[in-house]
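A short write-up of the structure that comes next.
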Amino acid sequence: MYEFHLSFRNNSEAIQIPVLPGQIDLGNDSQDESVQISGLGETTIIQDPRLKTFSFESFFPSKWSPLCNVPAVVRPWEIVNTIERWKDSTEPIRFIITNTPINYAVSIQSFNYYEKGGEVGDLYYTLELKEYRFVKAKKIKTDAKGKGKKSSGRPDTKKSGKTYTVAKGDSLWRIAKKELGSGDRYGEIAKLNNIKAPYTIQPAQKLKLPS
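Each residue of the sequence shown is one higher than the one before, starting from 4 at the first, in our numbering.
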């Protein structure tokens, strides 16, 4: 049995798609280029792969039926408002299809919904997601002569003396935002404390923080 899950800010909010779509369209077009090189003929230059895309359509039912993949349904407009809020936040969400390799941070590219005549209360929708890649900016260090030196770009995960005690309702993203100034650094906290996906933490748990 497959399940479609969408979650926000390290699973602090989550939605399970109540009715599975009939199909999901996956995109992963190549950017490879073919060029002519004298004496060698046509040669392909392999580029970095494009970001993956995922699109599907289904409906949010107003009442439970055997089509539902959840034990109880959430009001359709409540789900729609949540997804719209996530989209407006400009932050990535996580998209997971259980029993498949699909587990990606994604951005919401488009979300359209409508009612069908005679099916009052149900909301039909189409959702398009695009893989999101976290980008870490490289710091430039200068020596005494003012010449720039590139850092490795890797986050500093060496042990520091600073710790944080998890409070109720906390997520790694929220802790990173509060303590490190950027929610995108939640992965550094997870790595330092050997926390694996889906990054579950418990109240009163003590976490080491990167410098």
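Built from N, CA and C at the ideal position, the CB exists for glycine as well.
The structure displayed is predicted, hence computed values, not measured ones.
Name the residue from the options whose alpha carbon lies nearest to the alpha carbon of residue i.
i    : options               : result
Y167 : S68, F137, G124, S214 : S214
L70  : G25, F98, A170        : G25
P206 : K199, G121, K55, A170 : A170
F62  : N197, V123, Y189      : V123
G21  : N14, S68, S58, L132   : Correcting the residue identity first, residue 21 is Pro in this sequence and not Gly. The residue with the shortest Cα to Cα distance from P21 is S68.
K133 : Q19, S58, I82, S15    : S58
E60  : K180, Y116, G30, A179 : Y116
N31  : T56, G184, G120       : T56
When DSSP builds the beta bridges, which residues end up paired with residue i?
i    : result
F57  : L29, L132
S113 : E131
Q19  : H8
I99  : H8, N106
K211 : T166
L183 : According to DSSP, which records beta bridges pairwise, L183 is partnered with nothing at all.
L175 : L175 is not bridged to any residue.
F63  : L126
Report the CB separation of residue i from residue j in whole angstroms; it is logged as a contact under 8 angstroms.
i    : j    : result
P79  : D28  : Between D28 and P79 the Cβ distance is about 23 angstroms, and since that is not below 8 angstroms, they are no contact.
D173 : I204 : 7 angstroms
To the nearest angstrom, report how far apart residue i and residue j are at their CA atoms.
i    : j    : result
K211 : L23  : 40 angstroms
N102 : Y5   : 6 angstroms
P64  : D91  : 24 angstroms
S10  : K209 : 24 angstroms
E131 : T85  : 16 angstroms
I192 : K165 : 11 angstroms
I82  : A17  : 10 angstroms
V138 : D187 : 9 angstroms
S185 : A179 : 6 angstroms
L183 : R88  : 24 angstroms
Y189 : E94  : 13 angstroms
A108 : Q19  : 16 angstroms
N106 : A200 : 10 angstroms
G121 : P74  : 25 angstroms
E118 : Y128 : 9 angstroms
N14  : F98  : 11 angstroms
N196 : P104 : 25 angstroms
K194 : K181 : 18 angstroms
Measuring CB to CB, does residue i end up less than 9 angstroms from residue j?
i    : j    : result
I111 : I96  : yes
N72  : F114 : no
R12  : R177 : yes
V218 : K66  : The question about residue 218 has no answer here: the residues shown for the chain are numbered 4 through 214.
L175 : Y135 : no
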